[in-house]
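Colleague: Below you'll find the structure I mean.
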Amino acid sequence: DSLKQDSSSDNRRTRLEQESVRSNPLCKAPYAKPSLEKQLSSLKVELANVKAASEKLQLEKNEVSQENHVLLTELHATKTSEAKLKQMVATLQDEAASLKAKLNW
């Protein structure tokens, strides 16, 4: 009778240990490993794609920045030319007024 009780107790302990092992996430790790490796691989690919896109955007930003610099330089030159032309027009208007005044004497 005592052998049956020991055997029953051993069976219960074994069952409890098995359930504990099944419910422990760390014990599931070997089964989850391929899935995690697949996720890691996907994330590495995604990271590489993001880095490539980031580099492309940086190149585009540099190009836009250079174009912006060229346009600002041209705008400055245009404004300078406009100011010079306005000054020349004012001078010509002054000379024309002066000539008209001399003709009317």
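Numbering (this note's numbering), first residue to last: 370 to 474.
Beta carbons are placed, not taken as given, at the ideal position from N, Cα and C, and that holds for glycine.
By DSSP, does residue 437 sit in helix, in strand, or in coil?
Modeller: Residue numbering aside, residue 437 sits at position 68 when the sequence shown is read from its first letter. Here residue 437 sits in helix by DSSP.
Colleague: Just verifying my parser: in three-state terms, what is the DSSP assignment at residue 431?
Modeller: As a position in the sequence shown, residue 431 is number 62, starting the count at 1. Here residue 431 sits in helix by DSSP.
Colleague: Is residue 525 helix, strand or coil by DSSP?
Modeller: Missing from the structure shown is residue 525; the chain here goes from 370 to 474 and no further.
Colleague: Express the C-alpha separation of residue 447 and residue 464 in angstroms, rounding to a whole number.
Modeller: Counting from 1 along the sequence shown, the entry for residue 464 is found at position 95. Counting from 1 along the sequence shown, the entry for residue 447 is found at position 78. In a straight line, the C-alpha of residue 464 is about 25 Å away from that of residue 447.
Colleague: Just how far apart, CA to CA, sit residue 437 and residue 445?
Modeller: Sequence index remark: in the sequence shown, residue 437 carries index 68 (1-based). Sequence index remark: in the sequence shown, residue 445 carries index 76 (1-based). Whole-angstrom Cα-Cα distance: 12 Å.
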